[in-house]
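Shown next, in structure tokens, is the structure this report addresses.
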Amino acid sequence: MPFQINKTPVAPGENKLIKLNVAKLPSGTVISIRVHVFRSKNPGPIALFMGGLHGDEINGVETVRRAVKEGLFEHLTSGSVIAIPLLNVYGFINFSRDAVDGKDVNRSFPGSVKGSLASRVAYTLSQSILPLVDFGVDFHTGGSSRYNYPQVRYTTGDAAAKKLAEQFAAPYLMEKKNLEKTLRHTAAGMNIPILVYEGGESLRFDGYSIDHGLKGMQRLLFQQKMLEIDAPAHHRPKYFSKFTWMRAEESGMFMWMQSSGAKVSKGEVLGVINSPHGNKEIRVLAKQDGYIVGHNNAPVVNAGDALFHLGW
Ligand SMILES: [Zn+2]
Numbered sequence: 014m015p016f017q018i019n020k021t022p023v024a025p026g027e028n029k030l031i032k033l034n035v036a037k038l039p040s041g042t043v044i045s046i047r048v049h050v051f052r053s054k055n056p057g058p059i060a061l062f063m064g065g066l067h068g069d070e071i072n073g074v075e076t077v078r079r080a081v082k083e084g085l086f087e088h089l090t091s092g093s094v095i096a097i098p099l100l101n102v103y104g105f106i107n108f109s110r111d112a113v114d115g116k117d118v119n120r121s122f123p124g125s126v127k128g129s130l131a132s133r134v135a136y137t138l139s140q141s142i143l144p145l146v147d148f149g150v151d152f153h154t155g156g157s158s159r160y161n162y163p164q165v166r167y168t169t170g171d172a173a174a175k176k177l178a179e180q181f182a183a184p185y186l187m188e189k190k191n192l193e194k195t196l197r198h199t200a201a202g203m204n205i206p207i208l209v210y211e212g213g214e215s216l217r218f219d220g221y222s223i224d225h226g227l228k229g230m231q232r233l234l235f236q237q238k239m240l241e242i243d244a245p246a247h248h249r250p251k252y253f254s255k256f257t258w259m260r261a262e263e264s265g266m267f268m269w270m271q272s273s274g275a276k277v278s279k280g281e282v283l284g285v286i287n288s289p290h291g292n293k294e295i296r297v298l299a300k301q302d303g304y305i306v307g308h309n310n311a312p313v314v315n316a317g318d319a320l321f322h323l324g325w
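Going by the working numbering, the letters in the sequence shown line up with residues 14 to 325, in that order.
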């Protein structure tokens, strides 16, 4: 059966690039979302892979771009893939997480046709793409100089999402509650499990995270019987369901000694905050046993800033 995106039909066996116009810049330039569609001749699930919901999280954009460029989706044995390398074009051209209205697209779902820009971007996805989709992966990174170790987040209590996360098999699998007005929340209301992949930090390429993202996509498609070739297996994923942040007790210059991916013990020194005047040094200790799932790369921090994200 053909399906339609923005009035363009795509039949089984066809690949198409479809543009979704969102709005115009004040200059009159039309901003559009590019949707790559790949359809096998054989029926099967429809998967969504998307990057750049947060415009500065470029590892996700690069991961989906590379999958398209390298032809990962061109030999599907069944089903279809919808790949959107860059959703939030506004944030991307402004090196910003948000749209130009200062709003987070991932707190604007399901969006509105008359809303401000973030809301219109969310609406375009909710209306034109989500109703077609059976499952998806939304690629993100840590924000504001925070690095996330390659990890997949799935919604607590969603068995279908957990299964997909296991098939993707990122190094870390993290069970997290769903926040309202997110893509994941809106999709869950439509019975579509969406995984959130996090790897690296915003505005900085991280080959390690991009590579894990690409392999995860391939493993997931293989497990869904949509691809014939599996991605090389790696060590077993680690599961986390409890999390805590270690924050800066005081402002100063921050140096980490342990970083994302490290196994740490309660009381262990993870980093130090030094006064630039040389008169004070504060050690940052692990609150408990666990793994560092994310850390802050900022050299200068303020009291209360998140330094280490610990999972167990
Ligand atoms: Zn993000």
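We treat Cβ as the ideally placed atom computed from N, Cα and C, and that holds for glycine.
Next item on the list: Enumerate in chain order the residues of its own chain whose CB-to-CB distance from N34 is below 6 Å, with the five nearest sequence positions on each side excluded.
Entry: V43 and S45
Note to self: Using a Cβ-Cβ cutoff of less than 6 Å, which residues in the same chain neighbour A316 once the five nearest sequence positions on both sides are dropped?
What the structure shows: A261, E263 and S264
Check: How should N204 be labelled, buried or exposed, when 16 other C-beta atoms within 10 angstroms of its C-beta is the threshold for buried?
Finding: exposed
Checklist line | Whole-angstrom distance between D114 and L38, CA atom to CA atom | finding: 12 Å
Next item on the list: State the Cα-Cα distance for the pair D69 and M14, rounded to the nearest angstrom.
Entry: When rounded, the distance between both Cα atoms is 37 Å.
Notebook entry, point to check: For L61, is the beta carbon positioned less than 7 Å from some heavy atom of ligand 1?
Noted result: no
Check: Looking at the structure shown, is D224 part of a helix, part of a strand, or coil, going by DSSP?
Finding: helix
Checklist line | H322 Cβ short of 7 Å to ligand 1 heavy atom set | finding: no
Check: Taking the runs of the beta strand (DSSP E) that are 3 residues or longer, which of them lie wholly in the region 146 to 228?
Finding: 148 to 155, 159 to 168, 185 to 189 and 207 to 214
Notebook entry, point to check: Taking 7 Å as the cut-off, is the CB of G213 close to at least one heavy atom of ligand 1?
Noted result: no
Notebook entry, point to check: Given K54, which residues of its chain have a CB within under 8 Å of its CB, disregarding the five upstream and five downstream residues?
Noted result: Excluding sequence neighbours, K54 sits near P25 and G26.
Next item on the list: Excluding the 5 residues preceding and the 5 following S109 in the sequence, name in chain order all residues of the same chain whose CB lies nearer than 7 Å to its CB.
Entry: G68 and D69
Check: Could you check where the alpha helix (DSSP H) with F105 kicks off and where it finishes?
Finding: V102 to I106
Margin query: At a cut-off of 7 Å, would you count G284 as near ligand 1, judging by its Cβ distance to the nearest heavy atom?
Written below: no
Item checked: Close-in-space but distant-in-sequence residues of the same chain around N119 (CB under 7 Å, 5 per side omitted) -> L66, H67, T195 and L196
Notebook entry, point to check: So is the beta-carbon of G156 under 7 Å away from any non-hydrogen atom of ligand 1?
Noted result: yes
Notebook entry, point to check: At a cut-off of 7 Å, is E70 close to ligand 1 when judged by its beta-carbon and the heavy atoms of the ligand?
Noted result: yes
Notebook entry, point to check: Between L240 and ligand 1, is the CB less than 7 Å from at least one heavy atom?
Noted result: no
Item checked: Contact test: H248 Cβ vs ligand 1 heavy atom, cutoff 7 Å -> no
Notebook entry, point to check: What residue range is occupied by the uninterrupted alpha helix (DSSP H) comprising K37?
Noted result: Looking at the DSSP string, K37 is not in any alpha helix (DSSP H); the run it does join, the beta strand (DSSP E), is N28 to K37.
Checklist line | Cβ-based burial, H49 [other Cβ within 10 Å; buried from 16] | finding: buried
Notebook entry, point to check: Mind checking S288: buried by the 16 CB within 10 Å criterion, or exposed?
Noted result: exposed
Next item on the list: Using 7 Å as the cut-off, classify the Cβ of H67 as near or not near the heavy atoms of ligand 1, replying yes or no.
Entry: Within the cutoff, so yes.
Notebook entry, point to check: Among all the DSSP beta bridges, which residues are the ones paired with Y252?
Noted result: L186
Check: When you compare each of E83, P144 and G84 to P58 by their alpha carbons, which one comes out closest?
Finding: P144
Checklist line | Contact check, G280 vs F267, beta carbons under 8 Å | finding: no
Item checked: Among D224, F62 and A319, nearest to R47 - alpha-carbon criterion -> F62
Check: What's the C-alpha gap between F148 and Q231?
Finding: Computed Cα separation, rounded: 14 Å.
Next item on the list: Could you say which of R217, P22, S132 and V146 lies nearest to T157 if we only look at CA atoms?
Entry: The sequence as given places Ser at residue 157; Thr does not occur at that position. Comparing Cα positions, the closest option is R217.
Notebook entry, point to check: CB of H198 to nearest heavy atom of ligand 1: below 7 Å?
Noted result: Checking the Cβ of H198 against ligand 1 gives no.
Notebook entry, point to check: What separation, rounded to the nearest whole angstrom, lies between the Cα atoms of R296 and K255?
Noted result: 24 Å
Note to self: Tell me the rounded alpha-carbon separation between S222 and K276.
What the structure shows: 18 Å
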